[in-house]
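Mapping to the numbering used here: the sequence shown position 513 is 745, numbers consecutive.
Ideal placement from N, C-alpha and C gives every residue a C-beta, glycine not left out.
Reviewing the structure listed below.
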Amino acid sequence: MTGLLAAALPGVPLLVGLVGLLLPPSPRGAATGEDRARRVAIALGVAGAALALLAAVALLVRVDRPVEDATTWVDLGGLTVTLGYRLDGVAVLVATAVAAVALAVQVYSIGYLKRGPHDDVEVDHRYPPYAAQISLFTAAMLTVVVSGDLILLLVGWEVMGLCSYLLIAHDRRLPEAPAAAVKAFLVTRAGDVGFLLGIALLGVGAGSFRIADVLAHDYSTATLTAACLLLLAGVAGKSAQFPLHTWLPDAMAGPTPISALIHAATMVAAGVYAVARLFPLFERAPIALAVLGVMATITLLLGAFAATAQDDIKRVLAWSTVSQIGYMTGALAVGAPAAALFHLLTHAAFKALLFLAAGAVIHAVGTTLMSRMGGLRTAMPVTFWCTVIGLGALAGLPPLSGFWSKDGVLAAAEAAALEGGGPSYAWVGWLVWLAGLLGVVVTAWYTTRLLLRAFLGTSRLPLAHPHDPPAVLRWPVLLLAVPAALLGLAAFAPWFADRLREPADHSGEAVELVHLAPNLLLPLVLLLVGAGIAWAGWRRDPAADPARFLGPLRPAFARAFRLDDVQHALVVRPTTALAQAVRAGDEVGVDGLVEGSGRAAVELGGGLATLHRAALPRAAAGVLAGALLIGLAVAVIGVLP
């Protein structure tokens, strides 16, 4: 039964997605009640996600110890690739989160992807492929979660990249959507080259790509360090970590439900999960963990500061995702994968909640800019309180879920800094801890700013009449508010902590996820400082943006320190110039040589043909002249000494 459930977990969404791709697009101009293809796509998408969630919950109940099964898929001269699953407490918890968010997104999309607010308006004619692509995206992430082989994990990893490209570019009416999709695809592919090479290095060294064999193999320090650094390239791309983070904010051009799916439980979580799954390898490569710690520190602060100056509500949440993933990778860098995974789970809940709540606001007011919102608290009370829960969890407000998981990350970093003894260097602990504390202040500031600008004060929408969304949009938001508020309390349950045991720990003892100690007060004080600064600035002038106090730093923060421009100057332009030079060389050199040879042969043949087409008298004269010349030449040669 466990094997059937493990196969059904990615298998059902995969089958549903493949069937959904066969559905024709909705007819243009059709209303929702007239569109049979759309209704079938809805039924398939929701059913596939619901069955995957049921399978994940069943495995959550059944799996209390690691289980694995595999069959040989390909044997390349003794290098084995297997087809199978590897389940433990971490895998089933992450799979449950993925399936739950996917189901919420499928239901939410029913109401969100319409041309208007009523049931009889024209619908998005590309909804059937959209729903199918969500199912394939879900199947790919679940394949990454349950895979027992690195090659199978890589397949899911790459399918996610393809689906993200298709989903970000879904709305062809937006000119920025195709460019954002191409950017996401290319940036993540650049990191995936390293990920592929790292997997190849590990598999060839162990003689097998089975994760169990790879973890058990005794690699040399140099090989292991090189492999882990190559894997981190893929992690940086998929999880939007510095320096491959620039694609994630631009991906906001995609539909808001897709933003929730990518940012909450799939794509960006895949890199963190992959490192946690292979953590025993990273534990033996302190240099790789040090590099990860530096990446995490830069990413954490970069995302937080960039979020302070955004006017687009979705870009604020996007940069907050970059920052929060930095907390997770920072926890991994200091040797606390359980804390990283705990924050991954809580982040999946409150970030999905925030994106879907933001989608409800955008659906109601018709804009993503906070400068055009305001006063929505009374008009949209359900959305307001759900957003309060999500932002409170994001900022780390007790007793919401983010408070407990973020405290676990900070406590692990503090212990690594002050006590040492972890798998990495002590200075890495100092970097992550101090960056995490500063991140608490900045996160509290920009979450408070978002709440004030969007929901409080006076309305800046004179022509709009916002209201809470209809039931199909409202219920996913309400249900996600529950884990966003309460999931952190699960850390006090022994069964939950036991399932989040560190992958390097084979003792079976439960991991301490919650640290009830006086050091809890420092993050709380910093949170109050950050929120208080934003509140005080808003109270002085409710009509003004609290970000005005950033002064000359605001443009730099708004453009994320212009790292996108640096990347464009150092990578995009040279690559484009090289491509143009290669094209010119191919067209002028290779093609010119071939085409020139052809033209010369044609012209020579034409000349000879002209001679052969001469009139009879001229031809006879030519033959006679040739004979005379030959005879003259023979005579001359004969008389020479």
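> Under a three-way DSSP split, which group does T314 fall into?
Replying inline: Taking the first residue of the sequence shown as 1, we reach residue 314 at position 82. The three-state secondary structure of T314, taken from DSSP, is strand.
> Can you tell me whether Q812 is buried or exposed, with buried defined as 16 or more other CB within 10 angstroms of its CB?
Replying inline: In the sequence shown, residue 812 corresponds to position 580, counting from 1. By the Cβ neighbour-count rule, Q812 is exposed, with fewer than 16 other Cβ atoms within 10 Å of its own.
> If you count every other CB in all the chains shown that lies within 10 Å of the CB of R681, and 16 or more means buried, which is it?
Replying inline: Position 449 of the sequence shown holds residue 681. That one is buried.
> For D381, which of helix, strand or coil comes out of DSSP?
Replying inline: Along the sequence shown, one-based indexing puts residue 381 at 149. In this structure, D381 counts as strand in the three-state DSSP scheme.
>> Rounded to whole angstroms, what is the Cα-Cα separation between R786 and W677?
In response: In the sequence shown, residue 786 corresponds to position 554, counting from 1. In the sequence shown, residue 677 corresponds to position 445, counting from 1. Approximately 14 Å, taken between the alpha carbons.
>> Quick check: the Cα distance between A788 and A472, rounded to an integer number of angstroms?
In response: Along the sequence shown, one-based indexing puts residue 788 at 556. Along the sequence shown, one-based indexing puts residue 472 at 240. One C-alpha to the other measures close to 19 Å.
> Any idea which residues DSSP pairs A302 with across the strands?
Replying inline: Reading the sequence shown from its first residue, position 70 is the one you call residue 302. Beta-bridge pairing links A302 to G316.
> Taking 8 Å as the cut-off, is the CB of S452 close to at least one heavy atom of the ligand NAD?
Replying inline: In terms of ligand content, the structure shown is empty, and the ligand NAD therefore cannot be addressed.
>> Taking the beta carbon of R731 as the centre, do at least 16 other beta carbons fall within 10 Å, making it buried, or is it exposed?
In response: As a working note, residue 731 is residue 499 in the sequence shown. It is buried - the Cβ of R731 has at least 16 other Cβ atoms within 10 Å.
> CB-CB under 7 Å to R481, same chain, minus the five flanking residues each way: which ones, in chain order?
Replying inline: As a working mapping, residue 481 is identified with position 249 in the sequence shown. Correcting the residue type first, residue 481 is Pro in the shown sequence and not Arg. Closer than 7 Å at Cβ, skipping near neighbours: R547, A550, W551.
> Is L292 closer than 9 Å to L325 when the C-beta atoms are compared?
Replying inline: In the sequence shown, counting from the first residue as 1, residue 325 sits at position 93. In the sequence shown, counting from the first residue as 1, residue 292 sits at position 60. Contact annotation: L325 and L292 have beta-carbon atoms nearer than 9 Å.
>> Is it buried or exposed, G634, if we count other Cβ atoms within 10 angstroms and call 16 or more buried?
In response: The count along the sequence shown starts at 1 and reaches residue 634 at position 402. Classification of G634: buried, given that the 10 Å Cβ count is 16 or more.
> Whose CA, out of W770, G607, L753, G668, lies closest to the CA of R692?
Replying inline: For this step, residue 692 is matched to residue 460 along the sequence shown. Of W770, G607, L753, G668, the residue nearest in Cα terms is G607.
> Between Y340 and F687, what straight-line distance do the alpha-carbon atoms span, to the nearest angstrom?
Replying inline: What you label residue 340 is simply residue 108 of the sequence shown in a count that begins at 1. What you label residue 687 is simply residue 455 of the sequence shown in a count that begins at 1. Y340 and F687: Cα-Cα distance of roughly 22 Å.
>> Buried or exposed, going by whether 16 or more other CB atoms sit within 10 Å of the CB of E651?
In response: Locating residue 651 in the sequence shown gives position 419, counting from the first residue. Under this definition E651 is an exposed residue.
>> For A572 and L745, what's the separation of their Cα atoms in angstroms?
In response: The residue labelled residue 572 in the question sits at position 340 within the sequence shown. The residue labelled residue 745 in the question sits at position 513 within the sequence shown. Approximately 10 Å between the Cα atoms of the pair.
> Using CA coordinates, which residue listed in G567, V672, T600 is at the minimum distance from A648?
Replying inline: Position 416 of the sequence shown holds residue 648. Selected option, being the one with the closest Cα: G567.
>> Going residue by residue through the segment 537 to 603, where are the continuous beta strand (DSSP E) segments of at least 3 residues, counting only ones entirely within it?
In response: For the segment 537 to 603, not a single whole beta strand (DSSP E) run of length 3 or above is found.
>> DSSP three-state label for D450, please.
In response: Stepping through the sequence shown from its first residue, residue 450 is reached at position 218. Coil.
> Does DSSP classify R270 as helix, strand or coil?
Replying inline: As a working note, residue 270 is residue 38 in the sequence shown. Here R270 sits in helix by DSSP.
> Does any residue of chain B bring its CB to less than 9 Å from the CB of P784?
Replying inline: Although the question refers to chain B, the structure presented lacks it and comprises just one protein chain.
> Identify the residues that DSSP records as bridge partners of L802: which are they?
Replying inline: Position 570 of the sequence shown, counted from the start, is the residue given in the question as residue 802. According to DSSP, L802 bridges with nothing at all.
> Hey, out of A857, E646, L433, Y359, whose CA is closest to L399's CA?
Replying inline: The count along the sequence shown starts at 1 and reaches residue 399 at position 167. When only C-alpha atoms are compared, the closest one is Y359.
>> Quick check on DSSP: helix, strand or coil for D307?
In response: Walking along the sequence shown from the start, residue 307 turns up at place 75. Annotated three-state conformation of D307 is strand, per DSSP.
>> If we require 4 or more residues per run, which alpha helix (DSSP H) segments fall completely within the segment 637 to 672?
In response: List check, alpha helix (DSSP H) in window: nothing returned.
> Where do the ends of the alpha helix (DSSP H) carrying L756 lie?
Replying inline: Within the sequence shown, the letter at position 524 stands for residue 756. Per DSSP, L756 belongs to the alpha helix (DSSP H) from 753 to 772.
> In angstroms, rounded to a whole number, what distance separates the CA positions of I443 and G423?
Replying inline: Taking the sequence shown and counting its residues from 1, one reaches residue 443 at position 211. Taking the sequence shown and counting its residues from 1, one reaches residue 423 at position 191. Taken atom to atom, the span from the alpha-carbon of I443 to that of G423 is near 21 Å.
>> Quick check on the DSSP output: the alpha helix (DSSP H) that includes P481 runs from which residue to which?
In response: Taking the first residue of the sequence shown as position 1, residue 481 is located at position 249. Counting along the chain, the alpha helix (DSSP H) containing P481 begins and ends at 479 to 482.
> Buried or exposed: which applies to A363, given that a residue is buried once 16 or more other Cβ atoms fall within 10 Å of its Cβ?
Replying inline: Stepping through the sequence shown from its first residue, residue 363 is reached at position 131. Buried: at least 16 other Cβ atoms inside 10 Å.
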